[in-house]
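Q: The letter at position 46 of the sequence shown is residue 147 when you use the working numbering, and the numbering goes up by one with no holes. Have a look at this one.
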Amino acid sequence: MAVRPVLTWGDPRLKLNSADVGDWSAELDQLVTDLFETALDEEGVGLAAPQVGVNLNLAVIDCSCGEDPAQKLVLINPVIIQEEGSQVGPEGCLSIPGIHEVLERPQRVQIRTRRPEGTWQEIWGEDLMARAFCHEIDHLRGRLFVEYFGPVKRQVLQRRYQKQHKAS
Ligand SMILES: [Zn+2]
């Protein structure tokens, strides 16, 4: 198990489209383990493979932040198939540490996602889980949550972010 370095805002690799996962392998098992480990280390609810520089359609979510192994979810080649309602609340990203902004997301989201062995499942997520589905799937399409805001707000956030991280 290893915590991997997380790419941060401004890294061009975060903007790439990711490729579908093909045959499952021991290497992918290790990647999943590392993603969970890294998310836990950074106290995040989820982490997508592109955030550690691996441009594959793969992400992990654990809404219990390491408290309940049953809540660990691996998304493989996931797609959103249905959305319902809306929720307004703060969102953050391990690639943009220190920035939390209110963003509207659907209240309930159904995704279709592959299991490692190749079969597919459909899962509904609500509240935080729905938000995490949207957030992580955005990463796989090269999209960060701050890109939902207009150019002026994005610039303000970018300046705040750069100021916060210059000192460290
Ligand atoms: Zn993120």
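Beta carbons: idealized from backbone N, C-alpha and C, even for Gly. None of the values given here were measured: they were computed from a predicted structure.
(1) Indicate whether the contact test is met: 3 or more Cβ pairs, each with one atom in the region 193-208 and one in the region 228-245, closer than 8 Å.
(2) Quick one: is the Cβ of residue 166 within less than 6 Å of any heavy atom of ligand 1?
(3) Please tell me whether, using a cut-off of 6 Å, the distance from the CB of residue 235 to the nearest non-hydrogen atom of ligand 1 is below it.
(4) Three Cβ pairs or more, each shorter than 8 Å: is that satisfied between the region 252-269 and the region 210-229?
(5) When you compare the CB of residue 181 with every CB in chain C, is at least one pair closer than 7 Å?
(6) Give the DSSP-derived three-state secondary structure of residue 103 in the structure shown.
(7) Give me whichever residues DSSP pairs with residue 214 in a beta bridge.
(8) Tell me which residues share the same chain as residue 156 and place their Cβ nearer than 8 Å to its Cβ, disregarding the 5 neighbours each side in the sequence.
A: Put simply:
(1) Verdict: yes, contact present.
(2) As a first step, residue 166 must be located in the sequence shown, where it is residue number 65. Answer for residue 166: no, Cβ out of range of ligand 1.
(3) Counting from 1 along the sequence shown, the entry for residue 235 is found at position 134. No; taking the cut-off as 6 Å, the Cβ of residue 235 has no heavy atom of ligand 1 nearer than that.
(4) no
(5) The chain labelled as chain C is not found in the depicted structure, where only one protein chain is given.
(6) Your numbering for residue 103 matches position 2 in the sequence shown. Coil.
(7) One-based indexing of the sequence shown puts residue 214 at position 113. Answer by DSSP bridge pairing, in chain order: 222.
(8) In the sequence shown, counting from the first residue as 1, residue 156 sits at position 55. Excluding sequence neighbours, residue 156 sits near 114, 117, 118, 119, 120, 150.
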